[in-house]
Every structure is written in C-alpha cells, then in structure tokens.
Amino acid sequence: MSNKLFDQWGGIMKVRLQGARPEKIVNMALARGIFLWDVKKEKDFMTFRIRSSGYEALKSLADENAYDMEVLDRRGLPFMKSAIKRRMAFLGGALGFILALYILSSFVWFISVEGNDRINDKEILDTARRYGVYQGAAKWNFSRNDAEEAILREIKDLSYIKIDIRGVKAHIEVVEKVIPGEEINGPCHLIASQDGVIEEIIVLDGQARVKEGDTVAKGDVLVSGLVIPEINPYMPPEANQNLDPYLVRARGIVKARVWFEGYGECSLYQEKRVLTGSKEHRIYFKTPWNEFKIFGDDKTGFALYQSSEKTNTINTPWGAFELLRIVLQEERVEKKQYTEAEARKVAEKKALEILQKKLDKSESINNPRIEVLSAPSESVLRVKAAVEIIREITEAKPIKEGENGNKSL
C-alpha cells in the first residue's frame, strides 16, 4: 500500500519501447537501478511502467542505443497538478461566474404589474419605488409587507395588492376598488340615447312626450320629469285651481326600433404575404460601453421578411445591460383572384363582423339587409349590411335649476 501511495505521489508512466531486442534496454535499466514493472513483451516492442523520476535516465539509454520510446499513459499527483494549473483560469472564471450570479440574484431586475385598469402602471411603479421596490433594488433593503401596506394607503383606488418576489423578478398584483355608478335620486327626464322609431312606451312616473310610431333623435325627451297637470272637465272648477307644474324623477320603459350598419370590402385581385416557415435568429448583448454580436449574421438571405424583437434589460449602477433577440421570418407573395361571388362572400363576412361589434352581447343579427355599393366594373367589391334592432333607449338626465330659479334641462 505504501509503495502504491509513493508511486502516485511521485507519478508513474506507462511506456512503450520499440526496437530490436528491447529487453537489452530493460536489463541495462535494471542494472542502473531504474525500477520497471508490469513488463509485457510483444512482437517488436515492449511495454512497462516506470516512475517519473527514472524516465529521463531511461530515455537517455534508449536514445544512445537508437530505440524509440513513447509514453502511453501518465498518472499521479505531478500530472494532476499540471492539469489543474492549465484549468486554473477556467475554474477561476467558473467560480467568478457563479459568484456573480449569486450576487445578481440578490437584486430585483424585472418588475411587472397585473390587474390594473384605471390606474396606470407608472403610478403603481413610482409608488413602489418610494418604498424600496424598483429595478436594481437589493432584496434585503425592503419589506414586502411594509411596501404593500404603504402602497394601499397611498393609492386610494386600490383594494388589494400583493408583491411576489421570484428570483430576480417582482410581480405586483393589484385589485382596483369597484366604484358604483352615479345614481340619480333627484328630478330627471328620460331622454333618447340614440335615434330610432318608438315601438313601445310605458310611463311609470312623469309625463310622456312621445307616442308609438314617433321618430326621435338622440337627446330628445321621451318622458318628462316636469309634470304639467291637465284640467279635468268632469271636476268642479275649484278642484282645477292651483294645478301648478311639479317635478318628479321620471321612470318608464321606452323601446325603439334602431338601425345599425356595417361596411366590408374585398379586392378581386389580391397579393398576400405569407410566411414560408424559414427563420433566421440574431442575438446581441449590449452594455453601456459596447455592443457584441453573440449569434447570427448581419446580412439576411431573405428577400421579404418580417422581424420581431425581444429585449431583456437589467439596470445596474453602471448602466443598462441588454440581451436582444431578433427573429426574421421569411415571407413570400401569394397572388389570388376572386370571382365576384367569392369576393361578395368575403365582403359580407367583414361587414357582418363589424356590425356585430356595434350590438350588445345579448343582441344578434337576424335577417340583415345586404346592399352592394360598388359598380360591376370596379376592382373592389363593396358591401353594406344593415339590421333593425328593438332595444331600450332611455337615459336619465337630471333637471337642473336655472339661474332665474326656474327648473330647466
């Protein structure tokens, strides 16, 4: 065991000795005290193991007698040291990289906001910054609970906030307060919210200003909140005295037939750019001092293409570091010619899609009226789609008191 440890400490080598009668060199080496073992004889060469300390002496004997020597294997601490020295720079770089990743992972580099509608991202991010949550912030410099409570106190329209830290990314999830719509409790009129023809009117409180079949425009008074009492001929004269107008909160249901239109067109001859499936990728790394190309060529082999970019940015005290990914997707021009029937079908579909967007979710298109607007000689076929819908069109409008003390719209 001790000899094996000594051999590993000093280093051992496996050598091939080639030439006529190689045992001659082996005998000369043994006579000079050079220790050889694991000796094996082949046709015209011999292999054996030797300590690294005796290799140079054996090499001199072989050279003096015109024998060739080749080292087949090296083992032991001396050779491990040299390998470690050769890889020291690599190991140092790897350790430095791991250390840098560990340090960078202790900071927040990306922040996202989710759940906000009325409140813009900038207001939330600016408020979070004041309480320690920002790009480049050290995780140990802020408390998530304290930041959440402070942001809720400062932004009154928020009812809930959660800051989730995962790795180098901070995700801010918010819920906005639901603000109830303003309810009119005082006197008001019911006015038309859009043009239409009255189909049905039911007055619950107030005085009707229109009847079935009337055409109304947006803003016209449908049910007045200013009630003017009518004289009843069947009542005694004293009962019809002091019939002054009075104000109420008009209530009722008014349904009207309204019209909606949608427009669509389709060219009889079309050129469309479609993707071929071929892609080119480019990756760049930008620092505050320079820009480096990591992957891809500056010139593209595509005649037509569309480009998309994705950038990951890390803001540091030394400036912004960016990893830019660019994807080029090859396109080709595809030509297509439509018949008049095919073009009309495409145009009608577009017109009906636009028309449906103008309707409420509960309303559907039934029996639309389709009209071709273009002439037969035109290269573009144009279509208009129209539909009639019966819907509630009332909208409350408060009655304001005029400067002269009278009540007015």
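Once you know that position 1 of the sequence shown is 0 in numbering that gives the first Met the number 0, the rest is easy, because the numbers rise by one and skip nothing. Every residue, glycine too, gets a C-beta built ideally from N, C-alpha and C. Owing to the predicted nature of the structure, the values given are computational and were not obtained by experimental measurement.
Buried/exposed call for residue i, threshold 16 Cβ in 10 Å
{"i": "A19", "result": "exposed"}
{"i": "M68", "result": "buried"}
{"i": "A216", "result": "exposed"}
{"i": "R343", "result": "buried"}
{"i": "T393", "result": "buried"}
{"i": "V112", "result": "buried"}
{"i": "S223", "result": "buried"}
{"i": "T126", "result": "buried"}
{"i": "E347", "result": "buried"}
{"i": "I197", "result": "buried"}
{"i": "V177", "result": "exposed"}
{"i": "E147", "result": "buried"}
{"i": "Y66", "result": "buried"}
{"i": "A302", "result": "exposed"}
{"i": "F294", "result": "exposed"}
{"i": "L57", "result": "buried"}
{"i": "G10", "result": "buried"}
{"i": "A350", "result": "buried"}
{"i": "D108", "result": "Checking the sequence, you will find Trp at residue 108 rather than Asp. Flag for W108 reads buried."}
{"i": "L103", "result": "exposed"}
{"i": "L372", "result": "exposed"}
{"i": "V173", "result": "buried"}
{"i": "I227", "result": "exposed"}
Whole-angstrom distance between residue j and residue i, CA atom to CA atom
{"i": "A30", "j": "V38", "result": "16 Å"}
{"i": "W258", "j": "T312", "result": "51 Å"}
{"i": "L71", "j": "F89", "result": "27 Å"}
{"i": "K254", "j": "D204", "result": "16 Å"}
{"i": "Q193", "j": "G218", "result": "7 Å"}
{"i": "E370", "j": "I353", "result": "15 Å"}
{"i": "I252", "j": "S142", "result": "56 Å"}
{"i": "L87", "j": "A28", "result": "Residue identity check: residue 87 is Met in the sequence provided, not Leu. So the two alpha carbons sit approximately 37 Å from each other."}
{"i": "D120", "j": "A374", "result": "50 Å"}
{"i": "I190", "j": "K168", "result": "52 Å"}
{"i": "I388", "j": "P186", "result": "30 Å"}
{"i": "N366", "j": "V209", "result": "28 Å"}
{"i": "I33", "j": "A99", "result": "51 Å"}
{"i": "R15", "j": "A93", "result": "38 Å"}
{"i": "E270", "j": "R281", "result": "29 Å"}
{"i": "E377", "j": "I325", "result": "42 Å"}
{"i": "S59", "j": "G91", "result": "39 Å"}
{"i": "I164", "j": "K155", "result": "24 Å"}
{"i": "K399", "j": "R250", "result": "17 Å"}
{"i": "N418", "j": "K42", "result": "Residue 418 lies beyond the range of the chain shown here (0 to 408); nothing can be said about it."}
{"i": "F44", "j": "V25", "result": "11 Å"}
{"i": "I200", "j": "E229", "result": "20 Å"}
{"i": "R272", "j": "Q336", "result": "14 Å"}
{"i": "S1", "j": "T46", "result": "A caution first: S1 carries a pLDDT of 42, below 50, which makes its placement in the model unreliable, though a value can still be read off. Their backbone Cα atoms lie some 24 Å apart in a straight line."}
{"i": "H188", "j": "A207", "result": "10 Å"}
{"i": "Y245", "j": "L225", "result": "6 Å"}
{"i": "A137", "j": "T315", "result": "11 Å"}
{"i": "T310", "j": "G195", "result": "52 Å"}
The beta strand (DSSP E) enclosing residue i, as first and last residue numbers
{"i": "Q328", "result": "318 to 336"}
{"i": "L35", "result": "35 to 40"}
{"i": "G75", "result": "No beta strand (DSSP E) contains G75, which DSSP labels as neither H nor E."}
{"i": "N26", "result": "Element bounds for N26: not the beta strand (DSSP E) but the alpha helix (DSSP H), 22 to 30."}
{"i": "L203", "result": "195 to 204"}
{"i": "T312", "result": "304 to 315"}
{"i": "A395", "result": "393 to 397"}
{"i": "V14", "result": "11 to 17"}
{"i": "F259", "result": "250 to 266"}
{"i": "L372", "result": "Where L372 is concerned, there is no enclosing beta strand (DSSP E), given that its DSSP letter is neither H nor E."}
{"i": "R165", "result": "157 to 165"}
{"i": "V222", "result": "220 to 223"}
{"i": "T46", "result": "44 to 50"}
{"i": "E172", "result": "168 to 175"}
{"i": "E113", "result": "109 to 113"}
Start-to-end residues for the alpha helix (DSSP H) that takes in residue i
{"i": "L358", "result": "Here L358 belongs to no alpha helix (DSSP H), and DSSP marks it neither H nor E."}
{"i": "N140", "result": "Element bounds for N140: n/a, residue is neither H nor E."}
{"i": "I97", "result": "87 to 103"}
{"i": "S59", "result": "54 to 63"}
{"i": "E122", "result": "120 to 129"}
Nearest-angstrom beta carbon gap, residue j and residue i [assumed within contact, 8 Å]
{"i": "S51", "j": "G75", "result": "7 Å"}
{"i": "R308", "j": "L323", "result": "Note that residue 308 corresponds to Glu in the displayed sequence, not to Arg. Right, their Cβ atoms sit about 7 Å apart."}
{"i": "K13", "j": "R48", "result": "5 Å"}
{"i": "E339", "j": "L380", "result": "7 Å"}
{"i": "D150", "j": "Y130", "result": "Sequence check: residue 150 is Ile here, not Asp. That belief holds up - the Cβ atoms of I150 and Y130 are roughly 7 Å apart, short of 8 Å."}
{"i": "K341", "j": "Q305", "result": "For the sequence presented, residue 341 should be read as Glu rather than Lys. E341 to Q305, Cβ: 27 Å. No contact."}
{"i": "P424", "j": "I118", "result": "Residue 424 lies beyond the stretch modelled for the chain, which goes from 0 to 408, so this question has no answer here."}
Contact test: residue i Cβ vs the ligand HEM heavy atom, cutoff 7 Å
{"i": "W108", "result": "Looking at this structure, you won't find the ligand HEM or any other ligand, since it has none at all."}
Are three or more beta carbon pairs between the region 282 to 292 and the region 252 to 268 nearer than 8 Å? In the pairwise beta carbon analysis, the region 282 to 292 is classified as not touching the region 252 to 268: fewer than three pairs are separated by under 8 Å.
Specify whether the region 268 to 279 and the region 384 to 393 touch according to this definition: at least 3 beta carbon pairs, one from each stretch, less than 8 Å apart. No contact exists between the region 268 to 279 and the region 384 to 393.
Take every Cβ of the region 357 to 367, pair it with every Cβ of the region 149 to 165, and state whether three or more of those distances are shorter than 8 Å. Judged by Cβ distances under 8 Å, the region 357 to 367 makes no contact with the region 149 to 165, as fewer than three pairs qualify.
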